[in-house]
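Number of protein chains: 2
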Amino acid sequence: MFRGVSFHTIDQKGRVIIPARFRGLIKDGGGDGIMLATMDKCLFGYTYDYWNIIEQNVLSISNKDERYRRLRRVFIGGAFDCSCDKQYRILIPPSLRDYAELEKEIVLVGVLKSFEVWSREKWDMENDKMKDDLIDEDVLKEISKLGL
Amino acid sequence: MFRGVSFHTIDQKGRVIIPARFRGLIKDGGGDGIMLATMDKCLFGYTYDYWNIIEQNVLSISNKDERYRRLRRVFIGGAFDCSCDKQYRILIPPSLRDYAELEKEIVLVGVLKSFEVWSREKWDMENDKMKDDLIDEDVLKEISKLGL
DNA sequence: TATAAAAAGTGGATTAAAGTGGTTTGCTTT
DNA sequence: AAAGCAAACCACTTTAATCCACTTTTTATA
Numbered sequence: 000m001f002r003g004v005s006f007h008t009i010d011q012k013g014r015v016i017i018p019a020r021f022r023g024l025i026k027d028g029g030g031d032g033i034m035l036a037t038m039d040k041c042l043f044g045y046t047y048d049y050w051n052i053i054e055q056n057v058l059s060i061s062n063k064d065e066r067y068r069r070l071r072r073v074f075i076g077g078a079f080d081c082s083c084d085k086q087y088r089i090l091i092p093p094s095l096r097d098y099a100e101l102e103k104e105i106v107l108v109g110v111l112k113s114f115e116v117w118s119r120e121k122w123d124m125e126n127d128k129m130k131d132d133l134i135d136e137d138v139l140k141e142i143s144k145l146g147l
Numbered sequence: 000m001f002r003g004v005s006f007h008t009i010d011q012k013g014r015v016i017i018p019a020r021f022r023g024l025i026k027d028g029g030g031d032g033i034m035l036a037t038m039d040k041c042l043f044g045y046t047y048d049y050w051n052i053i054e055q056n057v058l059s060i061s062n063k064d065e066r067y068r069r070l071r072r073v074f075i076g077g078a079f080d081c082s083c084d085k086q087y088r089i090l091i092p093p094s095l096r097d098y099a100e101l102e103k104e105i106v107l108v109g110v111l112k113s114f115e116v117w118s119r120e121k122w123d124m125e126n127d128k129m130k131d132d133l134i135d136e137d138v139l140k141e142i143s144k145l146g147l
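Protein chains in written order, with numbering that gives the first Met the number 0: chain A, 0 to 147; chain B, 0 to 147.
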């Protein structure tokens with residue numbers, strides 16, 4: 000499972016290193032590369048195997064409703080296959096760089112089945128929001144269920 | 000169960016010794032290492048076995064709501080697998096050192112299912128707060144239930 | 001209780017791996 | 001043919017894993 004945060008840089012070419020602790024998971028997940036998709040103003044990284052499951056799920060969504068068709072084309076349309084180079088970096092396509100506003104400082108965050116790529120600014124904001132969430136009854140309830 | 004408090008140091012590389020009385024518990028809990036997570040401005044150490052339970056609970060949280068996705072990414076993002084070296088020390092990742100403000104003097108505290116890592120300053124403050132809590136009605140009620 | 005032996009705890013040196021930035025080469029596209 | 005881009009290559013810096021030496025504390029035993 001993907002866990003932990005790392006702080007890195009994205010270079011002018013749009014290359015981002017995959018942290019060492021993620022590499023085995025990626026390889027075991029179907030190859031030397033990942034699928035990148037957009038969500039929550041950051042990028043979600045999936046192993047090939049897990050992505051296949053997601054695609055199957057997307058296929059099973061009804062296409063009757065225009066909203067579901069829109070969801071499908073935005074989510075799948077925004078997904079890219081990114082393979083690793085010899086230094087274990089992925090090249091992030093310009094459209095995804097723009098979406099997540101990746102410029103210089105970036106953050107990689109493991110979230111179990113997948114990991115996320117954030118700009119440093121947005122990640123800091125996300126942490127601030129989390130602090131605010133800690134006075135939210137619903138959130139506190141979920142935390143208490145974790146058994147910490 | 001983890002119990003008792005020990006005062007130690009963290010060296011320049013970020014290494015921290017595991018007290019002898021914790022070692023058997025850790026080994027019995029699934030291996031020669033622990034999972035470290037962030038909470039309450041200190042670090043929580045879990046055995047692998049217990050961490051697996053927590054992780055299952057995290058996976059069962061709904062991901063519909065943005066607040067719950069945030070909870071997951073901040074909590075799992077703050078979790079690291081720390082294995083012991085031959086001297087039974089763990090290396091604490093820089094992001095966790097920063098979070099808990101570990102610099103030189105640190106405190107390890109057993110709290111039954113897990114143990115905690117504090118900076119000495121924060122630990123002392125925590126004890127002061129405990130003194131204040133002893134005039135709190137709710138806290139006194141819980142204490143009376145303990146059967147001391 | 002004195003002493004030896006073992007275990008716990010600390011610090012530093014060495015080596016291997018991770019991470020970063022840049023250059024070159026060879027495609028593709030217009 | 002030239003421009004743009006990505007893949008591959010290379011050089012370098014930083015960081016983490018491993019190993020070793022030593023001090024302190026605990027335990028065992030005479």
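We treat Cβ as the ideally placed atom computed from N, Cα and C, and that holds for glycine.
The structure displayed is predicted, hence computed values, not measured ones.
Check your understanding: Going along chain A in order, which residues have a C-beta closer than 9 angstroms to the C-beta of Arg96(B)?
Key -> Those within 9 angstroms of Arg96(B) in chain A number zero; the least Cβ separation is about 13 angstroms.
Exercise for review: Kindly indicate which residue of Gly3(B), Cys41(B), Gly32(B) has the alpha-carbon position closest to the one of Ser94(B).
Suggested key: Cys41(B)
**Study point:** As assigned by DSSP and simplified to three states, the class of Glu141(B)
**Key:** helix
Point to revise | At least three beta-carbon pairs within less than 8 angstroms, the region 18-34 of chain B to the region 123-134 of chain B | key: Cβ pair count under 8 angstroms is below three, so no.
Review point. From the DSSP output, which residues share a beta bridge with Asp10(A)?
Key: Asp10(A) is not bridged to any residue.
Practice item. Using only alpha-carbon positions, find the residue among Glu141(B), Leu90(B), Asp135(B), Val108(B) that is nearest to Ile9(B). Key: Leu90(B)
Check your understanding: Going straight from the alpha carbon of Leu70(A) to that of Tyr98(A), what length do you get?
Key -> 16 angstroms
**Study point:** Partner residues on chain B for Gly146(A), Cβ-Cβ distance less than 9 angstroms
**Key:** Tyr49, Ile52, Ile53, Asn56, Lys112
Practice item. Give the straight-line distance between the Cα atoms of Gly3(A) and Thr37(B), rounded to the nearest whole angstrom. Key: In this structure, the straight-line span from the alpha carbon of Gly3(A) to that of Thr37(B) is close to 11 angstroms.
Point to revise | Where Met38(B) meets chain A, residues with beta-carbon distance less than 7 angstroms | key: Per Cβ cutoff of 7 angstroms: Leu147.
Exercise for review: Give the DSSP-derived three-state secondary structure of Leu58(A) in the structure shown.
Suggested key: helix
Review point. Is there a Cβ from chain A that is less than 9 angstroms from the Cβ of Val73(B)?
Key: yes
Point to revise | Presumed contact (8 angstroms Cβ cut-off) between Phe43(B) and Ser113(B), rounded CB distance | key: 5 angstroms
Exercise for review: Can you pull the chain A residues whose beta carbon is under 9 angstroms from the beta carbon of Gly60(B), in chain order?
Suggested key: It should be pointed out that residue 60(B) corresponds to Ile in this sequence rather than to Gly. Chain A residues near Ile60(B): Glu141, Lys144, Leu145.
Practice item. Give the residues from the region 12-37 of chain B that approach chain A closer than 7 angstroms (Cβ to any Cβ), ordered along the chain. Key: none
Check your understanding: DSSP three-state call for Asp80(A): helix, strand or coil?
Key -> strand
Practice item. Determine the closest residue to Gly76(A) out of Leu35(A), Asn126(A), Lys121(A), with distance taken between C-alpha atoms. Key: Leu35(A)
Check your understanding: What separation, rounded to the nearest whole angstrom, lies between the Cα atoms of Gly13(A) and Ile53(A)?
Key -> 26 angstroms
Practice item. Leaving aside the five residues before and after Met209(B) along the sequence, list all residues of the same chain whose C-beta is less than 8 angstroms from its C-beta, in chain order. Key: Here chain B comprises residues numbered 0 to 147, so residue 209(B) is not present and cannot be evaluated.
Point to revise | chain B within 9 angstroms of Lys121(A), Cβ atoms only | key: no
**Study point:** Alpha-carbon to alpha-carbon, Lys121(B) and Tyr45(A)
**Key:** Going by the C-alpha atoms only, they are around 38 angstroms apart.
Review point. What are the start and end residues of the alpha helix (DSSP H) that includes Ile17(A)?
Key: Unbroken run through Ile17(A): none, as it is neither H nor E.
Check your understanding: Exposed or buried, which one is Arg68(A) when buried takes at least 16 other CB atoms within 10 Å?
Key -> The residue is exposed, with fewer than 16 neighbouring Cβ atoms inside 10 Å.
Practice item. Could you tell me the distance, in whole angstroms, from the CA atom of Cys83(A) to the CA atom of Ile33(A)? Key: If I take the Cα positions, the gap works out to 8 angstroms.
Practice item. Return the CA-CA distance between Ile134(B) and Trp50(B), expressed in angstroms with no decimal places. Key: 35 angstroms
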